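In what follows, a single structure is set out as structure tokens and then discussed.
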Amino acid sequence: MIPVRKGEPLTYDYALTETESSLHYGMKCLCGKSNCRGVLTFDQWRSRAFVKKYYGHLSEFIWRKHCENSWYDPRAELRSKANGELGMFCRTLPGMEFRAGDKVLVFSGKVVHRTQLLEEGALSARDLQMSLQVDSDLVQIPAWKESGDFSETTDYINHSCDPSCGMLDSVTVVALRDIELGEEITIDYAMVNDGLIQGPSDNFKCLCMSPWCRGEITSNDWKIVELQERYGRFFSPFLLNLIAKSKESKERESSYDNHANGRVDSVY
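Each position in the sequence shown, counted from 1, maps to that position plus 63 in this note's numbering.
Below, the structure written as structure tokens:
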């Protein structure tokens, strides 16, 4: 990037190739330059200014990471699980814990109307697998990015029947409780689906092994009263609206039944 004179050391910025998960994270830089960053945090891939400055000199990995549309907290990272699948986890360094209420990630992508889900050839199996319902008629699917890649780190948040996180709104995931170092970051898919999407990734046998495990996960699990009570406001807003309407309907039916029974009792 600049001429190197004879005898000068050959160096490069590790941030051109590494993210916060780097084994060099936390090291103190002793380069002595006027713009030295001091402690290495490797969050520069998130900076548009940094990427513009070094455009054409970034590793493919860093370029792809920067081109992601979603956001996740630097305390989280993508890791392989024991079964070989990918998942999002709380990092293991001291001080990286999440506390209840912390924002963990924000999903992003292209939002399409439900009618487009039915168009022949419009969506791939991966589009459907990685989709996120954001309203009764709207679904967010992976967006085409500058890198040509379709993956988002946040796509790999997995389901658990005892999730560590819930939905703050249609796309923002927050910690339901404290998340300890090394713990997987999960949501319950019941928080984001009203039955509109009926793919294999929405109806499956659960292996989370938690005490709350339902065994079979379906696209209509939001209707389970126990889940409504346990998760409270941490469903996507469109589901909170459906839950409220469902409760109102049941209350009207109960009121009608009580009124009807009262009239019958008065006869006798």
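All C-beta atoms in this analysis are idealised placements derived from N, C-alpha and C, irrespective of residue type, glycine included. For clarity, every value in this text was computed on a predicted model and none was experimentally measured.
Through-space distance from residue j to residue i, alpha-carbon basis
{"i": "L86", "j": "P72", "result": "23 Å"}
{"i": "T82", "j": "G119", "result": "17 Å"}
{"i": "K63", "j": "E316", "result": "Outside the displayed range of the chain (64 to 331) lies residue 63, so it cannot be described from this structure."}
{"i": "P66", "j": "T74", "result": "12 Å"}
{"i": "K69", "j": "D212", "result": "40 Å"}
{"i": "L239", "j": "S122", "result": "36 Å"}
{"i": "S84", "j": "I125", "result": "12 Å"}
{"i": "L303", "j": "M254", "result": "9 Å"}
{"i": "C92", "j": "L79", "result": "15 Å"}
Within 8 Å, strictly: CB atoms of residue i and residue j
{"i": "F10", "j": "G245", "result": "Past the edges of the chain, shown from 64 to 331, lies residue 10, and the structure says nothing about it."}
{"i": "Q203", "j": "V236", "result": "no"}
{"i": "I260", "j": "P226", "result": "no"}
{"i": "F105", "j": "Y77", "result": "yes"}
{"i": "V234", "j": "F170", "result": "yes"}
{"i": "W285", "j": "C224", "result": "no"}
{"i": "T216", "j": "L270", "result": "no"}
{"i": "G172", "j": "N132", "result": "yes"}
{"i": "R332", "j": "R138", "result": "Residue 332 cannot be examined here, being either before or after the span of the chain that is shown, 64 to 331."}
{"i": "M193", "j": "F298", "result": "no"}
{"i": "D241", "j": "Q196", "result": "no"}
Closest Cα partner of residue i within the set the options
{"i": "H222", "options": "F267, Q261 and G147", "result": "F267"}
{"i": "S248", "options": "G150, D212 and K128", "result": "It should be pointed out that residue 248 corresponds to Ile in this sequence rather than to Ser. Closest option to I248, Cα to Cα, is G150."}
{"i": "Q291", "options": "Y252, C271 and I204", "result": "Y252"}
{"i": "R279", "options": "T80, V288, P263 and R293", "result": "First, the residue type needs correcting, since residue 279 is Glu and not Arg in the sequence shown. Selected option, being the one with the closest Cα: P263."}
{"i": "L186", "options": "P205, R100, Q196 and C228", "result": "P205"}
{"i": "D200", "options": "G184, R109, W207 and L180", "result": "L180"}
CB contact below 8 Å: residue i versus chain C
{"i": "C276", "result": "Looking at the structure shown, chain C is missing, and only one protein chain is on hand."}
Handout entry: Inside the segment 182 to 248 only - beta strand (DSSP E) runs reaching at least 3 residues
Key = 201 to 204, 228 to 230 and 235 to 238
Problem - Residue ranges of each alpha helix (DSSP H) within the segment 87 to 152, 4 or longer - result: 111 to 116 and 123 to 129
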